[in-house]
Structure formats: C-alpha cells, structure tokens
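Everything in the sequence shown is counted per my numbering, starting at 832 for the first residue and increasing by one. For each residue, glycine too, the CB sits at the ideal point set by N, CA and C. Bear in mind the structure is a predicted one, so any value in this text is a computation, not a measurement.
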Amino acid sequence: MTKYDFLFKRGHIVDPANDKDFIGDIAVKGDRIAEVAKEIDNSLAEQVVDITGKVIIPGIIDTHCHIARPEAKGAGYRMLINAGVTTAFDFEGPIEVIKREITKYGCGLNVVVLEAIYPENGIKSQDPPMEELKKVINKNLDSGAIGIKILGGHYPLTPETTYNIFQITNQEKGYMGFHVGTTKTGSNIQGLEEAVKLAEGKPLHIAHINAYCRGYVMDPLLELKKVMDILKKSPNIVSESHLAIHNACYGGINENGVPRSYVLRNALRAKGYQVSKEGLEEALRVKYAGVYALVGSKMEYIYGDKAIDYWKKHNFKVGICFPINRRRSAEVCVTERDNKGNFVVDAISSDAGAIPRNCILSHGLSLVKFCALTLSELVQKISLTPSRMLGLKNKGHLSIGADADITIFDPDNAKVEIVLIKGRICMVSGIIFNNPGRLIVTQRGANKLKKQEISTEIIDLEDSLYFKGKGGENK
Ligand SMILES: [Zn+2]
C-alpha cells in the first residue's frame, strides 16, 4: 500500500504561516496534507505530479464574492474554481438558493454564506420594527447563513435600523458584513465613518474598502488617507478590498422610473448621465455601462444594443457594471500598513464569483511583479488572513495535518493549473470535476441542515479574527 495519494514535485511552495518559501514537494493523503519537504520519495505515492515552474499555495479563500444569480446556472461556482478559489465567502446568499444548488453545481467548493437583507428582501421597509428584524436575522442564522449582510450603499436603511441589525446580529453571535451607507450618508467615506461609529467597537466586516475611495466626496488621495487613518484606529473592523476596475449593481428600476441602486445612481451622476431609466439606457448604449450575462458556461460582460435588449428582456433586473474603481485606490488598499507593519485592509477579495471579475490572482500577481507585495504577502492576504477571519483553523496554511486545500498556478500568466479541495482534485487546466460543494456553518446552522443531504463543516466564529479583533495575539 502506498503511503500518499498525491505527490506534487518541485513546486514553488509559498506558505507564510510556516514561513516557507522554497522549491520542494508536498504529499497529500486522504483529505490532509501529509508531508512537506525538499524532496519526497516518488515510490511513496500513488500519483506523482511534476509541477516544476508552478507555485503551490494554501487554497485561495475569497472573503467576498457572489455565487448565486438567478440566471447563472452554477456559473459562479465554475468561475471561482477556475480562479483557484477553494473557499468562497458569499456576501449575499440567498442561503436557500445556495442550499438548493451547492450539491448539483458546487465544484467541490467550501462555501460560507452571509444573507443580505434589504427592503423587499427579508424586510419590508428602510425602518422595520425590532420584532421584524429579530425574526429575519434569527431565521437566517438558523438556516445555515453564518451572518447578515447590509447592502446600505445600494439600498440604504436608516442609521437606527442599521444600528439595530448590528446589535441583534452581534447578540446572536452572527457575522455582520456591511457595504457602508445609510439614508443619512452613502457608499463613500462618510458612510465608512458612520459605519465605524455605529459599530461602537463591536466586530464588523466592512466590505470592499476600495469602493469608498472613488473621489465622490473629496480628492481620492485624501479619501484614501482618511479611510486608512480610520481603519488603523479600529481593531474591531475586519475588511477586504478588491482589484477589479468594474463595480457591480442591479439594473432594477423603481416605480418612479429611477434606478433602485444608489450605487448605480452615483455612477450615472459621476459622468453626467440623467439619473433615470433613460439615463441608464444611454449609458448602456455608449458602453459606459455594461451588463453581465450567462454566455456559455460562464458570466461575461456584454455591451451596447445587446446589453440593452438583455436588460429589457429581464425586466431590468440584471447585473450592471461601470468601470469606476480607481487603480490608485486598489493599490493603496492592498499595500497600506500600520506602524506595526500589519496590513490595514486585511484581505484581497474578488467581489466576483458570478460577476466576471475574478482577478485576485491575475491582478494580485501583477502587484507582485511590481514589487508592491511579495508572493508570501499575497498569500497572506488571499489565504492565511482570510482563514483567520473566519476561524478556519485547518485552512490557510500547508502544515502537516492541515486540510488539503491547495491551489497550483503558473506565476507567469496567473493561469490556475490544479485545484485540490479536501484532497479531491476539483479542477485541472480548466477542466472541472464537479464534486458537490460543502457548506461551512456555525453549530446553530448545522442543527437544521442535518436533515438535508448537504455536506457541512462546522466553525466556531468566537474563535475567529472577526470576533477576537486585531488587538490581541492575532495579526
Ligand atoms: Zn459584493
């Protein structure tokens, strides 16, 4: 009998948790890492794979993505696995859709879910009564979502309601994700300042920091300075930023003929378009705005008349994007450090999945080539720190006994070659082996899921960077 199932030979191993960065071999047995060394004997393994010239890292943990889209038909899972992601933190849900789809489409991915609540989605208005909030939050935490997301930037709630949702979610030991903005502020630095105040020192995950530095309030350089200063003083806030040029919002129109999403309104206003259905149609016509749609097995951007037709055919309820994320903001959010040398923004996310901008590796490696990050620092921000944020103790590193979640890629073109999750081959050179996905849940969510045939793994959020904050031993 052979000792190992897989032996990956002569790869560039990058494992910041164990301070490893060398050319060597990694062996996998079952669902675990079994050995890491300069050289491991070929005869010990059933399958020996030469990965000379490739980089091998603990699997990418995408701390903010969107898997489920009504029209996606599993595209989100396929796009994530092709991007080298092994664990996806979905920042929207719906948890019930993911539960229906994860066994069929899952691609072997580990999936963690926050459920988004906003008017007409879980709650009735911008200012619902406490009882309604308690009910919807508890229902979602019982259903397998580990927490709640507020899309305040797109669909603002009153500051009081936002505060109440923070409070209830925290009391129930749920994870709170926030795209900043309320009826008083917006998806900008004022919204971020307000969010930190409303958190009152309690745990909060602020989404895509780069998106609040678009120059809507003041010079973007000053916005960046201000945001970094706030975050440096807020050890209770965990955060990520993404590297994509495009944003993403829904193209829905309200009864007054105005786009429902406030982010979409801002994007129109920024370039002088009318904030109306007609203004959005014009932006689509001139290709300032695009639509993302299922093309073959994945979502892609479409433009011009094709985009307008698709948008109308779907009653305007499609994903819309604008190229409004500044490169300078992306770069500062990724690289800025505090006076102890720790990164101010904890992770690099994609905010993608079913949105076609899964550029964690492609853009991340560009920053490595530019010497803005070392390869080890990149892995810290896309795997190690994300694992800590969620309390995933067996992930984010390549220690012996750790989960065999592994991403292998070509550093020259950022092409992902092999993805292993829990020791199973899930993707090789773009060919996906569609294993069922696995839902990562809290104990509370697991109780209800027992009756359903979904593979689960239980985490203890109280043991996460999110709940412990960044003041202590964590970094
Ligand atoms: Zn998002």
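Only residues of its own chain outside the window of five on either side were considered, and among them Ala858, Lys860, Ala865, Leu875 and Ala876 have a CB closer than 6 Å to the CB of Tyr835, listed in chain order. Only residues of its own chain outside the window of five on either side were considered, and among them Ile891, Ile1179 and Ile1191 have a CB closer than 6 Å to the CB of Ile1213, listed in chain order. In the structure shown, the three-state DSSP call for Leu1035 is strand.
Across the structure, Arg1157 and Asn1173 are spaced so that their CA atoms are roughly 23 Å apart. Looking only at Phe997, Ile1139, Ala1235 and Pro1154, the smallest Cα-Cα distance to Leu1029 is reached by Phe997.
Proximity to Ala1235 across Asn941, Arg1219 and Glu1109 peaks at Asn941, based on C-alpha coordinates. When rounded, the separation of the alpha-carbon atoms in Gly1046 and Glu1054 is 7 Å. Contact annotation: Ile1155 and His1228 have beta-carbon atoms that are not nearer than 9 Å. Put simply, of Lys1253, Arg1159, Tyr1297 and Ala1124 the residue whose alpha carbon is nearest the alpha carbon of Lys1148 is Ala1124. Glu932 places its beta carbon less than 9 Å from that of Gly905.
Linking Thr1238 to Gly1127 through their CA atoms gives a straight-line distance of about 25 Å. Rounded to whole angstroms, the gap between the alpha carbons of Pro889 and Asp1177 is 17 Å. In this structure, His1036 has its CB at a distance of at least 8 Å from all heavy atoms of ligand 1. For Asp1169, the shortest separation between its Cβ and any heavy atom of ligand 1 does not lie below 8 Å. For Asn1189 and Glu1071, the gap between their C-alpha atoms comes out near 15 Å.
Of the other Cβ atoms in all chains shown, fewer than 16 fall within 10 Å of the Cβ of Met961; this residue is therefore exposed. Contact check for Ile898 and Glu946: beta-carbon distance about 13 Å, past the 8 Å limit, so the pair fails to qualify. The C-beta distance from Ser1295 to Met1220 rounds to 6 Å, short enough to fall under 8 Å.
Among the bridge pairs identified by DSSP, Leu1251 is matched with Ile1237 and Ile1256. Assigned with DSSP and collapsed to three states, Pro950 falls in strand.
Here Glu870 is exposed, its C-beta having fewer than 16 other C-beta atoms within 10 Å. For the segment 1099–1169, the continuous alpha helix (DSSP H) assignments of 4+ residues that do not extend past its boundaries occur at 1108–1116, 1135–1144 and 1158–1166, in sequence order. Note on Cys1257: 16 or more other CB atoms within 10 angstroms of its CB, so buried under the neighbour-count rule.
Sequence-distant Cβ neighbours of Val1199 in its own chain, meaning closer than 6 Å and more than five residues away, are Leu1206 and Leu1209.
A check of alpha carbon separations from Gly983 across Ala976, His1010, Gln957 and Leu964 identifies His1010 as the nearest. For Ser1286, no alpha helix (DSSP H) run applies; the uninterrupted beta strand (DSSP E) run containing it begins and ends at Ser1286 to Ile1289, by DSSP. Distance check between Ala1098 and each of Tyr1119, Arg1168 and Ile1084 places Tyr1119 closest, using alpha-carbon atoms only.
Three or more beta-carbon pairs separated by less than 8 Å link the segment 1266–1282 to the segment 917–936, which places the two stretches in contact. Burial state of Ala1233 is buried, judged by a 10 Å Cβ sphere holding 16 or more other Cβ atoms. C-alpha of Arg1275 to C-alpha of Asn1225: approximately 20 Å in a straight line. Per DSSP, His985 lies in no beta strand (DSSP E) segment and is marked neither H nor E.
For His897, the enclosing beta strand (DSSP E) stretches over residues Ile891 to His897. The alpha helix (DSSP H) runs lying completely inside the segment 862–932 and spanning 4 residues or more are 906–913, given in chain order. Around the beta-carbon of Thr883, fewer than 16 other beta-carbon atoms lie within 10 Å, marking it exposed. Closest in C-alpha terms to Thr1000, from the list Gln1021, Leu1035, His985 and Ala1026, comes Leu1035.
The continuous stretches of alpha helix (DSSP H) do not include Gly842, which lies in the beta strand (DSSP E) extending over residues Tyr835 to Asp846.
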